[in-house]
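This report refers to the structure that appears directly beneath it.
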Amino acid sequence: MRRLLCGAALALLIPVSARAEDTPKAEVFGGYSYFRFSDPTGTSLLGTDVVRLNLNGWNGSVAGNLNSWLGVVGDFSGHYGSPSILGFGVPFVDVKEHSFLGGPQISYRKDGRFTPFAHALFGVARAGAGTFGFGASENAFAMALGGGVDLRLTNSIAVRAVQADYVQTRFLDDRQNSARLSFGIVFRFGEK
């Protein structure tokens, strides 16, 4: 009887410890990011008919997991490039966009290998444009709604296969609806 109770207790503890390994206390992400800046009026960033900008850059985040499904995220990104008007590049003009966002993130950790997640992030963005040493920049409200999928390689390393976000900013009292795609490496720390 004693062996049966010990065996039952051990069988109950194994899934708990396995689940604990799948939920890190913290996760740090860093990688490449593509940003498609869209301005419906075509005038808010440079004062010209720039409607869309394709910017390349980086995305990073730090997440603290409160439990197996809820976490708090700080998300930071920077994107850089040159505008194009009617498909032609504008020489000597550089555009940059940085965002500093934070908010809740929900993760589904049922499968130990794949972790899909969704987040709602709010904060500030800074966009600027310049040429020949002259330029202008502005800070504005920003939010990102989206999510992605992490693929766990080991208990401490995962690959963010994709993170896709709808990003809304409010530069020059106007609304810009943009998209951001990111991928990279996730470092996982601690156990919950």
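Numbering (numbering that gives the first Met the number 0), first residue to last: 0 to 191.
Glycine residues also receive a C-beta, built at the ideal position from the N, C-alpha and C atoms.
From E20 to N64, what does the alpha carbon distance come to, in whole angstroms? The predicted model places E20 with a pLDDT of 49, which falls under 50 and marks its position as unreliable; any figure quoted below should be read in that light. Their backbone Cα atoms lie some 13 Å apart in a straight line.
For N154, report the span of its beta strand (DSSP E) as first-last. Neither: N154 is in no beta strand (DSSP E) and is coded neither H nor E.
Please state whether the Cβ-Cβ distance between G183 and A163 is less than 9 Å. no
The beta strand (DSSP E) spanning R125 covers which residue range? F113 to T130
Pick from W57, W68 and G29: whose alpha carbon is nearest that of P115? W68
Quick one: using the 10 Å Cβ neighbour count with 16 as the cut-off for buried, is E190 buried or exposed? exposed
Return yes when the Cβ of T22 is within less than 9 Å of the Cβ of N66, no when it is not. yes
Under three-state DSSP, which class holds D172? helix
Given 8 Å as the limit, is there contact between the stretch 100 to 115 and the stretch 169 to 180, that is, 3 or more CB pairs closer than that? no
Check G145 in the structure and name its three-state DSSP category. strand
Taking one C-beta from the stretch 116 to 125 and one from the stretch 137 to 153 each time, how about it: are there three or more such pairs within less than 8 Å? yes
Within 10 angstroms of the Cβ of A135, are there 16 or more other Cβ atoms? Answer buried if so, exposed if not. exposed
Specify the secondary structure class of D110 as computed by DSSP and reduced to three states. coil
L54 lies in the beta strand (DSSP E); which residues open and close that run? R51 to N64
Pair within 9 Å by beta-carbon distance, S76 and S98: yes
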